[in-house]
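Worksheet: the structure to be examined is printed underneath.
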Amino acid sequence: MIPARAAAGMGTLLAVALAAAGCGDAHPIESRAIVLAVGADAGRGGELVWTFIFPNVTASASSITNLTPATQVYSTHVRAADFASAVEAVQDRLSRQPYLGDLQVLVLGLSLPAQRARAVVADLQQQALVPSNFLVAASPSPTGHLLTLPTAQEIVPRYFLTTFLACHWCRAFDWRMPAWEWWSRSESPGAAPVAPVLVAEDGDVVNTGVAVYPSAGPVLVMPPDAGAGLAYLTSRVTRDSFSFSSEGTTYTVTRVTARTRCSCRLTGDGLVADVAVRVHGQLAAMVSENSTAAAVRARMLVSRYVLERVLAALAWANAHRVDPADLTEKAILRAPRLTYALAPGSEYFRPIAARVRVATVVETAGISR
Amino acid sequence: MTVGPIERISHGEFLWVVMVSMVAGGIYVWPQVALSGGGADWEWAAVAAFLLSALSSRAQLAWARRAAGATYFDRLHAVWGALAWPWYTVDTAASLVLDAMLLALYAQMLETFFYPSLSALPFRLLVGCLAGWFAAQSLPTLARNAQFWMPVVLASFLVLTAVTATQIHFPSALLPPWPPAPAAVAAGTGQIWFLWSEGEVSATLAPWVRGATWRSTARWALAAHLAQASVLAVAAFLVVATLGPWAARVLEWPMIYEFEGLGPTSLSLVRPNMLVIPFWTTAFVLYLAVRLFHRSLDIQSALRLAPAGRIAPVCAFTLAIVGATFALPDSSTLLTLLTRDLSPFLLAWSIVRTGATWGLAAVRRGAPTPVTPRP
Chain A
1 MIPARAAAGM
11 GTLLAVALAA
21 AGCGDAHPIE
31 SRAIVLAVGA
41 DAGRGGELVW
51 TFIFPNVTAS
61 ASSITNLTPA
71 TQVYSTHVRA
81 ADFASAVEAV
91 QDRLSRQPYL
101 GDLQVLVLGL
111 SLPAQRARAV
121 VADLQQQALV
131 PSNFLVAASP
141 SPTGHLLTLP
151 TAQEIVPRYF
161 LTTFLACHWC
171 RAFDWRMPAW
181 EWWSRSESPG
191 AAPVAPVLVA
201 EDGDVVNTGV
211 AVYPSAGPVL
221 VMPPDAGAGL
231 AYLTSRVTRD
241 SFSFSSEGTT
251 YTVTRVTART
261 RCSCRLTGDG
271 LVADVAVRVH
281 GQLAAMVSEN
291 STAAAVRARM
301 LVSRYVLERV
311 LAALAWANAH
321 RVDPADLTEK
331 AILRAPRLTY
341 ALAPGSEYFR
351 PIAARVRVAT
361 VVETAGISR
Chain B
1001 MTVGPIERIS
1011 HGEFLWVVMV
1021 SMVAGGIYVW
1031 PQVALSGGGA
1041 DWEWAAVAAF
1051 LLSALSSRAQ
1061 LAWARRAAGA
1071 TYFDRLHAVW
1081 GALAWPWYTV
1091 DTAASLVLDA
1101 MLLALYAQML
1111 ETFFYPSLSA
1121 LPFRLLVGCL
1131 AGWFAAQSLP
1141 TLARNAQFWM
1151 PVVLASFLVL
1161 TAVTATQIHF
1171 PSALLPPWPP
1181 APAAVAAGTG
1191 QIWFLWSEGE
1201 VSATLAPWVR
1211 GATWRSTARW
1221 ALAAHLAQAS
1231 VLAVAAFLVV
1241 ATLGPWAARV
1251 LEWPMIYEFE
1261 GLGPTSLSLV
1271 RPNMLVIPFW
1281 TTAFVLYLAV
1291 RLFHRSLDIQ
1301 SALRLAPAGR
1311 IAPVCAFTLA
1321 IVGATFALPD
1331 SSTLLTLLTR
1341 DLSPFLLAWS
1351 IVRTGATWGL
1361 AAVRRGAPTP
1371 VTPRP
């Protein structure tokens, strides 16, 4: 005979274990469709075209190597006004329950107006089940081209776009922005979220630039110089490199990184920014008699190169009345009363007048003198 | 069940019990409640609420010193006579409504984030009944549980904070405005007071601390307030400095959102947010348990129940809290009701009751009594 107290204790333990284990949520893998990536493009009549990417889970461990790149993942396209309806439509079409807990990438079609794109990210953020750290990218519409690119680089269950976006030192500029950061930027007046523009080219993914999402109007793609300047302004430079030819000498500077600090304040009708960029690079190859003089010369050239791009980015921002560098946000935050008077997601822009200082350190590397 | 004569606890256990009776019940809606309530002045409101709560706890111990009795109710009775009953009834009712609202919100949070296919029903029942079970234990058992689990809970909170703190972008978002706007500070203080509404736990439990004096009890109670204030400060800094004040204002459960997505998801630390379920639930269960315990203790002395008779009020209060959660509306309406109606009422009530009792006790010039009643 079990004592009543022990029975009550065991009963409680069992009830806690059953409820806390979340068994009510469990579905066998064959009745689930794990969503790895989602694409959103502009459709007709206010609807969006959604692309859902799933790994091919029918592959067994022994058959993985026999899967061709084209069959590693499969996709479904549906038309729906919002994300929840799109998920319903996918469920209907696949006869499986879409599982969103492993969403890794969201690709926004460039045909999508900026406001719609912001709404898509906010919509996904509203779903408690969708993790808030999936990565956001942009691509020329239709996004299906990029999302289903047959590539032998990754096999299931890994997804090539996740690997591409997550590698922060693989490219000159790290435009990686997880969804929570993208969404919180879009809620901040005076800030505009950005996304790398990815294009499928010869079976590979190429990052061709950066797209800026203002609170209204079309998505803006920054020209290369201004885009590079934005990377320097926002400390997103991880591995830049460039070559100069000056007075018959070629200077190659590699492994360039930058740290930027901005002190910004609002004035009567504008914004005054004091920007200090610290650049660090390595002089890899040069043809010169005097290496010290060459290093000094290279340092000057790098500083000028960075300065021109930063100024291009600021000129672009002023011309388009949008601030992807978050200078406006920093200035607003210095005025707490103004901060709380501005509603989340509202528009705020003041022309930026900046004083930019670039300090460069170039170390000599390489083996030739 | 081990209801029975009360045994004494140590100063350290008293600290943890008082700590868990505040803030732990509503930390998961922090700092959204402060941001939406106080606007730009939310930091001033948070500081004001902390100062008021420390002051209110000190005032309770100050008047209790002038009134003879073994429990909070006995001392209230010594000051007010039969009038103690209406005072105490309102106190109890408001505190039960607060606990029911927080339980409903917590169950809703668990359902939304962790168990979307289940309803909130099992969580209300489980958390409520677990709290009732703990509250029915003896004071040393309850206090030992608080003393063991609260450091673990705080450590898990610090781990989550540390992995999320790498994402801090806007420390300048924490700049408070100068000068503070008194009306906004007052409104904000009213809206977040429910976090600090400990419901006289320190005054109720002070007599059961070994070797206590009024001075030492007040010091340990203040330490508990300071500890919880630092938890709130860390949480607010984390949320506002990572998401910015605008996004933090929009989210209903900002801390859970933070812990869910901002930490690392690769390497050896996979989904640290799962720590939220066991440890926050532990904190919440202990919060409810301590409050049920001290209510039942007072009722026991008020009704002159036998030591084992405390089980009846514990069961009645647990049933009332769990039952009330079924009558409560959805979480956003509930949050509005909690912050706009109940919380300012609790603040006003606390000021009136503590002030009047303190004044009356001072007028009557009762002789100072020892904190611990003679056996």
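First to last, the protein sequences are chains A and B. Under my numbering, the first sequence has 288 at position 288, and the numbering climbs by one with no breaks. Positions in the second sequence are counted from 1; adding 1000 to them yields my numbering. By construction, the Cβ of each residue, glycine as well, lies at the ideal position given by its N, Cα and C atoms.
Next on the checklist: Residues of chain B with CB closer than 7 Å to the CB of A:V16, please, in chain order.
Outcome noted: L1126, listed in chain order.
Item to check | Own chain residues within Cβ distance below 6 Å of A:A33, not counting five before or after | outcome: Its chain contains F54, L94, R96 and P98 as the residues whose beta carbon lies nearer than 6 Å to that of A:A33, once the 5 sequence neighbours on both sides are disregarded; these appear in chain order.
Item to check | CA-to-CA distance, A:L311 to B:P1344, given in whole angstroms | outcome: B:P1344 and A:L311 have their C-alpha atoms spaced approximately 52 Å apart.
Item to check | Proximity to A:L135 [Cα-Cα], best of A:S141, A:Q125 and A:P142 | outcome: A:Q125
Checklist entry - How about B:T1161 and B:L1096: are their beta carbons less than 8 Å apart? => result no
Checklist entry - How would you write the range of the alpha helix (DSSP H) that A:C264 sits in, first residue to last? => result Here A:C264 belongs to no alpha helix (DSSP H); instead the beta strand (DSSP E) covers T249 to L266.
Checklist entry - Between which two residues does the alpha helix (DSSP H) carrying B:T1089 extend? => result Run containing B:T1089: A1084 to F1113, per the alpha helix (DSSP H) assignment.
Checklist entry - Per DSSP, what kind of secondary structure is B:H1169 in: helix, strand or coil? => result Shown here, B:H1169 sits in coil according to DSSP, grouped into three states, outside any helix or strand.
Item to check | For A:H145: DSSP bridge partner residues | outcome: Per DSSP, none; premise fails for A:H145.
Item to check | Closest by C-alpha distance to B:R1310, when choosing among B:G1323, B:S1296, B:T1318 and B:L1319 | outcome: B:S1296
Next on the checklist: Spatial neighbours of A:R265 within its chain, please: C-beta separation below 7 Å, excluding the five flanking residues on both sides.
Outcome noted: V272, A331 and R334
Next on the checklist: Taking a contact to mean a Cβ-Cβ separation below 8 Å, would you say B:W1214 touches B:I1009 in this structure?
Outcome noted: no
Item to check | is_contact[A:A334, chain B] using C-beta, thresh 8 Å | outcome: It is worth fixing the name first, because residue 334 of chain A is Arg in this sequence and not Ala. Taking Cβ atoms only, chain B reaches closer than 8 Å to A:R334, which makes this a yes.
Checklist entry - Using a beta-carbon distance below 8 Å, is B:E1260 in contact with chain A? => result Yes, contact with chain A.
Checklist entry - Leaving out the 5 sequence neighbours to the left and right, which residues in its chain are closer than 6 Å to B:L1267 when beta-carbon positions are compared? => result Confidence at B:L1267 is low in this model, with a pLDDT of 43, below 50, so its placement is unreliable and the value that follows should be read with caution. Nothing listed; no residue qualifies.
Next on the checklist: What does the alpha-carbon distance come out to for the pair A:L147 and A:L198?
Outcome noted: 10 Å
Checklist entry - Along the segment 1224-1243 of chain B, what residues have a CB closer than 9 Å to any CB found in chain A? => result T1242 and L1243
Checklist entry - Looking at the unbroken beta strand (DSSP E) that takes in A:S168, where does it start and where does it end? => result Just to set this straight, residue 168 of chain A is His in the shown sequence, not Ser. Where A:H168 is concerned, there is no enclosing beta strand (DSSP E), given that its DSSP letter is neither H nor E.
Checklist entry - Which residues in the same chain as A:W182 place their Cβ atom closer than 7 Å to its Cβ, once the five residues preceding and following it in sequence are excluded? => result Contacts found: V121, V136 and P193.
Checklist entry - From what residue to what residue does the beta strand (DSSP E) around A:W50 run? => result L48 to P55
Item to check | Under 8 Å between C-beta atoms of A:S241 and A:Y251 | outcome: Between A:S241 and A:Y251, the C-beta spacing is not below 8 Å.
Item to check | Collapsed DSSP secondary structure at A:V107 in the structure displayed | outcome: strand
Checklist entry - If we call anything under 8 Å between Cβ atoms a contact, is B:D1074 one with B:S1350? => result Not in contact: B:D1074 and B:S1350 (Cβ atoms no closer than 8 Å).
Next on the checklist: Tell me the DSSP secondary structure of B:G1323 in three-state form.
Outcome noted: helix
Item to check | CB contact check: A:L135 to chain B, cutoff 8 Å | outcome: no
Checklist entry - Interface residues of chain A around B:T1112 at Cβ under 7 Å? => result A128
Item to check | Length of the line joining the Cα atoms of A:A365 and A:E247 | outcome: Distance between the alpha carbons of A:A365 and A:E247 is about 21 Å.
Item to check | Distance CB(B:A1034)-CB(B:A1046) smaller than 8 Å | outcome: yes
Checklist entry - So B:T1164 is in the alpha helix (DSSP H); what residue range does that whole segment cover? => result L1139 to T1164
Item to check | Range covered by the alpha helix (DSSP H) that runs through A:F322 | outcome: For the sequence presented, residue 322 of chain A should be read as Val rather than Phe. A:V322 -> no alpha helix (DSSP H), and no H or E assigned at all.
Checklist entry - Going along chain A in order, which residues have a C-beta closer than 8 Å to the C-beta of B:Y1257? => result Contacts between B:Y1257 and chain A, judged by CB atoms closer than 8 Å, involve S132 and W180 in chain order.
Next on the checklist: Here's a check: name, in chain order, each residue in its chain whose Cβ is nearer than 8 Å to the Cβ of A:T76, leaving out the five neighbours to either side.
Outcome noted: T51, F52, F54, V90, R93 and L94
Checklist entry - Which term fits B:V1020, buried or exposed, when burial requires 16 or more other beta carbons within 10 angstroms of its beta carbon? => result buried
Checklist entry - Using a C-beta to C-beta distance shorter than 8 Å, which residues of chain B count as neighbours of A:R337? => result A1040 and P1177
Item to check | Same chain, Cβ closer than 6 Å to A:S215, neighbours up to 5 away in sequence not counted | outcome: E347
Checklist entry - With a Cβ-Cβ cutoff of 8 Å, do B:T1325 and B:R1124 count as a contact? => result yes
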